[in-house]
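Asks: Taken in order, these protein sequences are the chains called A and B. Taking our numbering, the leading residue of the first sequence gets 1, the next gets one more, and so forth. Taking our numbering, the leading residue of the second sequence gets 341, the next gets one more, and so forth. Idealized CB from N, CA, C, for every residue including glycine. Model, not experiment: these values are computed from the prediction.
Number of protein chains: 2
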Amino acid sequence: MNDTFLRACRGEKTEYTPVWFMRQAGRYLPEYQSVRGKVTFLELCHNPELCTEVTLQPIDIFGFDAAILFSDILIPMEAMNLHLEFSEGKGPVFRDPVRSRKAVDDLIVPDPDETMPFVMETIRLLRKELKVPLIGFSGAPFTLATYLVEGGSSKVFLETKKMMFQKPQLFDAMMSKITDCTSLYLQAQARAGAQALQIFDSWAGILAPVDFKRFALPYVQSIINDLRKVTDVPIIYFANNGATLLDLSKTSGADVLGLDWRVNIKDAIDRVGNHAVQGNLDPIALFLPKEELEERIKKLLDDAQGARGHIFNLGHGIVPQTPPDQAKIAVDAVHRFSGK
Amino acid sequence: MNDTFLRACRGEKTEYTPVWFMRQAGRYLPEYQSVRGKVTFLELCHNPELCTEVTLQPIDIFGFDAAILFSDILIPMEAMNLHLEFSEGKGPVFRDPVRSRKAVDDLIVPDPDETMPFVMETIRLLRKELKVPLIGFSGAPFTLATYLVEGGSSKVFLETKKMMFQKPQLFDAMMSKITDCTSLYLQAQARAGAQALQIFDSWAGILAPVDFKRFALPYVQSIINDLRKVTDVPIIYFANNGATLLDLSKTSGADVLGLDWRVNIKDAIDRVGNHAVQGNLDPIALFLPKEELEERIKKLLDDAQGARGHIFNLGHGIVPQTPPDQAKIAVDAVHRFSGK
């Protein structure tokens, strides 16, 4: 068992810098496309055997130091009693956006083992196969809330912020339910065998610090607080586009803070002190010519020297157009330059 | 003549904090909608009388301390020999994205007075009417380049970054032409009577600092350097979502740095030292109930006390759904709390 990733999360010494990529099991891989060609995205998410297969693909191909459960952050929202669709091009769509007291009251806090057995089964299957740690994950409550309230993706998140600003009690009631759901969901993943947990706050970066502190962070803290009572797996919190939120994010309770590519990793490390960090190559830097890509990776590793722990990752998900050969160059470079 | 805005830009003492809003002449105003109902967006941009009318509307209605020329950052791109359309819902579309050597070679550096006389005429008409300073503007070269290369708006800006990373010479050649065009365009605006100039780098925030420094900032510096030789109007540089770029942005040569709402204004002021700042209320905070909106504005004004100069603004454009009454509350609050 290669536990380099787990040790880096905990700030323990490692022989080299572990690396994995957000969305490493995904559309840039022909092997993934071939599985995905046979089923819809939601069918794939609901199928433990296929989820296991696509989760393993990038580990076998590139030698990543951690696997991440193949799923989608919105899967537990289905279990909360919402109708979710993924349409080509448009992304996720909730047929009935959550904007009223009735809609919030109708949300269910589901038992994750009962309503999402396919996720727990995927974790169990993966643990039998994997020789690297398995990361479970969820969306952060605020990010999940944006999808529920907007009914899908958004540009300015008007409806979400309007609810925050004009109906804070309703917003809090919704967030409490999402938080309970997420908390139970992550606990179930840990019980099923997830060895680390990442909380994706993909849309935290649309909030001013004052609003992040009031409307997003407390719910993350609550989830992590709950988790600490029942598991000691490392917890990663990734607030995307969150450079101005770092001073707050470091109070989340997470062991590791994920960094997007907009922040210089050295500056971030200076600010988050006693936390390990994960990141933060611009995903599109993978399109650089080999030599320049390697140079950039070397620089990033050097800049991260002062961290309590560093897990190399992209600053956001790998884009579908990325040539797999370029991913290979990057993974190999991280390993070689960091002493593997 | 109310020159409070100009004095704040220059870091001189003012009796109160001047305020204007990005997109203040825009869709949230019924008076604008009424003009816009009769013509297409591009027809409006090309018509000096109508541009003058819509520019004046928010000044008359709200008592803003500065007017900004009604136009679009992509107008000079038409003059560079590109076919531009605005489609409802999809935003701007360039029929033939610029991605090849031939496409770059085909770009023209236009004479702004000859190709965009309607802009200069608008400025002259406005100067006859206005009792507050008139701001001219342009897009920053990098932001303009993203539209040219992507052919419109984008989510991850893959084509732009691919060109940067894989064909840096071609990218630089394109940027040089856009820079020359922009430089001449802003100079012409100053000659026509613009009393301040804002450079909008709406998409700077998609760049890692290292790439901003290499691919975006030098072109802004070049434009400002050119401007300084021919005019002493204050220059505002707004790198949207640019909190991690502030240390670089302060070397742009601008007098004023625009701040989006993601950064705490006090932190930003600590970092940019000898610059005036402009910003930075979350545009959607205008949906707060009156009392809370006023409280937030008071806090922002307090936080900005240490600035060399502060021009109150939103952290991005006002959204079309904003009730005009809320804009009025905000403008009045800025004036009242800052001592007008």
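(1) Which residues of chain B have a Cβ atom closer than 9 Å to the Cβ of P289/A, listed in chain order?
(2) Mind checking which residues open and close the alpha helix (DSSP H) that includes A188/A?
(3) Where are the beta strand (DSSP E) runs, 3 residues long or more, that stay fully inside the region 412–437 of chain B, in chain order?
(4) Hey, does G339/A have any beta-carbon neighbour from chain B nearer than 8 Å?
(5) Measure from the alpha carbon of V449/B to the alpha carbon of each residue in F458/B, P416/B and V433/B, then state which is nearest.
(6) Using the rule of at least 16 other Cβ atoms within 10 Å of the residue's Cβ for burial, across every protein chain shown, is N580/B buried or exposed?
(7) Determine the extent of the beta strand (DSSP E) in which Q538/B is found, giving its start and end residues.
(8) DSSP state of Y372/B, grouped into three classes?
(9) Closest to F337/A by C-alpha separation, out of N2/A, T4/A, T17/A and L6/A, would be which residue?
(10) Excluding the 5 residues flanking T392/B on each side, which residues of the same chain have their C-beta closer than 6 Å to its C-beta?
(11) Would Q661/B count as contacting chain A if we go by Cβ distances under 8 Å?
(12) Compute the Euclidean distance between the alpha carbons of R435/B and S222/A, then round it to the nearest angstrom.
(13) Please report the distance separating the alpha-carbon of L281/A from that of G306/A.
(14) Would you mind sorting N565/B into buried or exposed? The rule is 16 or more other CB atoms within 10 Å of its CB.
(15) Per the contact definition of three or more C-beta pairs closer than 8 Å, is the region 547–557 of chain B in contact with the region 516–527 of chain B?
(16) Cβ closer than 9 Å: which chain B residues qualify as neighbours of K162/A?
(17) Using a C-beta cutoff of 8 Å, does G403/B count as contacting chain A?
(18) Is F464/B close to chain A? Criterion is C-beta to C-beta, closer than 8 Å.
(19) Quick check: is the beta carbon of A208/A nearer than 8 Å to any beta carbon in chain B?
(20) Spell out whether any CB of chain B is found under 8 Å from the CB atom of R99/A.
(21) Taking the C-alpha atoms as reference points, what is the distance between L474/B and Q661/B?
(22) Which one or two residues does DSSP pair with G136/A in a beta bridge?
(23) List, in order along the chain, the chain A residues whose C-beta lies closer than 8 Å to that of R554/B?
(24) Answer with yes or no whether the minimum CB distance from N264/A to chain B is below 8 Å.
(25) In or out: R296/A buried (at least 16 other Cβ within 10 Å) or exposed?
(26) Quick one: what's got a C-beta closer than 6 Å to I356/A's C-beta in the same chain, skipping five residues either side?
(27) Less than 8 Å between the C-beta atoms of I576/B and G598/B, yes or no?
(28) V596/B lies in the beta strand (DSSP E); which residues open and close that run?
(29) Go ahead and label K569/B buried or exposed: buried means 16 or more other beta carbons lie within 10 angstroms of its beta carbon, across all protein chains shown.
(30) Less than 8 Å separating the beta-carbons of G675/B and A348/B?
(31) Please list the terminal residues of the continuous alpha helix (DSSP H) segment that includes V612/B.
(32) Which bits of chain A does G545/B rub up against, with CB to CB less than 9 Å?
(33) Hey, L470/B and I401/B: beta-carbon distance below 8 Å or not?
(34) Determine whether the beta carbon atoms of F477/B and F426/B lie at a separation below 8 Å.
(35) For the region 472–487 of chain B, which residues have a beta carbon sitting closer than 8 Å to at least one beta carbon of chain A?
Replies: Put simply:
(1) Position 289 of the first sequence, counted from the start, is the residue given in the question as residue 289/A. F505 and Q506, listed in chain order.
(2) As a working mapping, residue 188/A is identified with position 188 in the first sequence. Where A188/A is concerned, the enclosing alpha helix (DSSP H) stretches over P168 to A192.
(3) 424–427 and 431–434
(4) By 1-based counting over the first sequence, the position of residue 339/A is 339. Output row for G339/A: interface = no.
(5) On the second sequence, residue 449/B is found 109 positions in, with the first residue counted as 1. The candidate whose alpha carbon is nearest that of V449/B is P416/B.
(6) As a working mapping, residue 580/B is identified with position 240 in the second sequence. So N580/B counts as buried.
(7) Stepping through the second sequence from its first residue, residue 538/B is reached at position 198. Unbroken beta strand (DSSP E) run through Q538/B: A536 to D541.
(8) For the purposes of this step, residue 372/B is taken as the residue at position 32 of the second sequence. It is helical.
(9) For this step, residue 337/A is matched to residue 337 along the first sequence. The shortest Cα separation from F337/A among N2/A, T4/A, T17/A and L6/A belongs to T17/A.
(10) Stepping through the second sequence from its first residue, residue 392/B is reached at position 52. Result list for T392/B: T462, L465 and L466, in chain order.
(11) For the purposes of this step, residue 661/B is identified with residue 321 of the second sequence, where counting begins at 1. By this cut-off, Q661/B is an interface position.
(12) The residue you call residue 435/B lines up with position 95 of the second sequence. The residue you call residue 222/A lines up with position 222 of the first sequence. Distance between the alpha carbons of R435/B and S222/A: 50 Å.
(13) In the first sequence, counting from the first residue as 1, residue 281/A sits at position 281. In the first sequence, counting from the first residue as 1, residue 306/A sits at position 306. Between L281/A and G306/A, the C-alpha separation is close to 17 Å.
(14) The residue given as residue 565/B occupies position 225 in the second sequence. Label assigned to N565/B: exposed.
(15) no
(16) Counting from one through the first sequence, the residue named residue 162/A turns up at place 162. Simply I624, F627 and Q661.
(17) Taking the second sequence and counting its residues from 1, the one referred to as residue 403/B is at position 63. Taking Cβ atoms only, chain A never reaches closer than 8 Å to G403/B, which makes this a no.
(18) Numbered from 1 along the second sequence, position 124 holds the residue referred to as residue 464/B. The question names Phe, but residue 464/B is Arg in the sequence shown. Output row for R464/B: interface = no.
(19) Position 208 of the first sequence, counting from 1, holds the residue named residue 208/A. It does; some Cβ of chain B falls within 8 Å.
(20) Taking the first residue of the first sequence as 1, we reach residue 99/A at position 99. No, no contact with chain B.
(21) The count along the second sequence starts at 1 and reaches residue 474/B at position 134. The count along the second sequence starts at 1 and reaches residue 661/B at position 321. Rounded to the nearest angstrom, the two C-alpha atoms are 25 Å apart.
(22) Reading the first sequence from its first residue, position 136 is the one you call residue 136/A. In DSSP, G136/A forms a bridge with L197/A.
(23) Sequence index remark: in the second sequence, residue 554/B carries index 214 (1-based). Going along chain A, no residue has its Cβ under 8 Å from R554/B, so there is no contact; the nearest lies around 11 Å.
(24) Counting from one through the first sequence, the residue named residue 264/A turns up at place 264. Yes, its Cβ sits closer than 8 Å to a Cβ of chain B.
(25) Your numbering for residue 296/A matches position 296 in the first sequence. Classification of R296/A: buried, given that the 10 Å Cβ count is 16 or more.
(26) No answer is possible for residue 356/A: it lies beyond the span of chain A, which begins at 1 and ends at 340.
(27) Your numbering for residue 576/B matches position 236 in the second sequence. Your numbering for residue 598/B matches position 258 in the second sequence. Cβ atoms of I576/B and G598/B: closer than 8 Å.
(28) Indexing the second sequence from 1 puts residue 596/B at position 256. Residues V596 to G598.
(29) Position 229 of the second sequence, counting from 1, holds the residue named residue 569/B. It is exposed - the Cβ of K569/B has fewer than 16 other Cβ atoms within 10 Å.
(30) Counting from one through the second sequence, the residue named residue 675/B turns up at place 335. Counting from one through the second sequence, the residue named residue 348/B turns up at place 8. Per the sequence shown, the amino acid found at residue 675/B is His instead of Gly. Taking 8 Å as the Cβ cut-off, H675/B and A348/B do not qualify as a contacting pair.
(31) Translated into the one-based positions of the second sequence, residue 612/B becomes position 272. Element bounds for V612/B: I605 to V612.
(32) Along the second sequence, one-based indexing puts residue 545/B at 205. Within chain A, the residues near G545/B are N241 and R262.
(33) Along the second sequence, read from residue 1 onward, the residue named residue 470/B stands at position 130. Along the second sequence, read from residue 1 onward, the residue named residue 401/B stands at position 61. Going by C-beta atoms, L470/B is not nearer than 8 Å to I401/B.
(34) Working through the second sequence from its first residue, we reach residue 477/B at position 137. Working through the second sequence from its first residue, we reach residue 426/B at position 86. In this structure, F426/B does not lie closer than 8 Å to F477/B by Cβ.
(35) none
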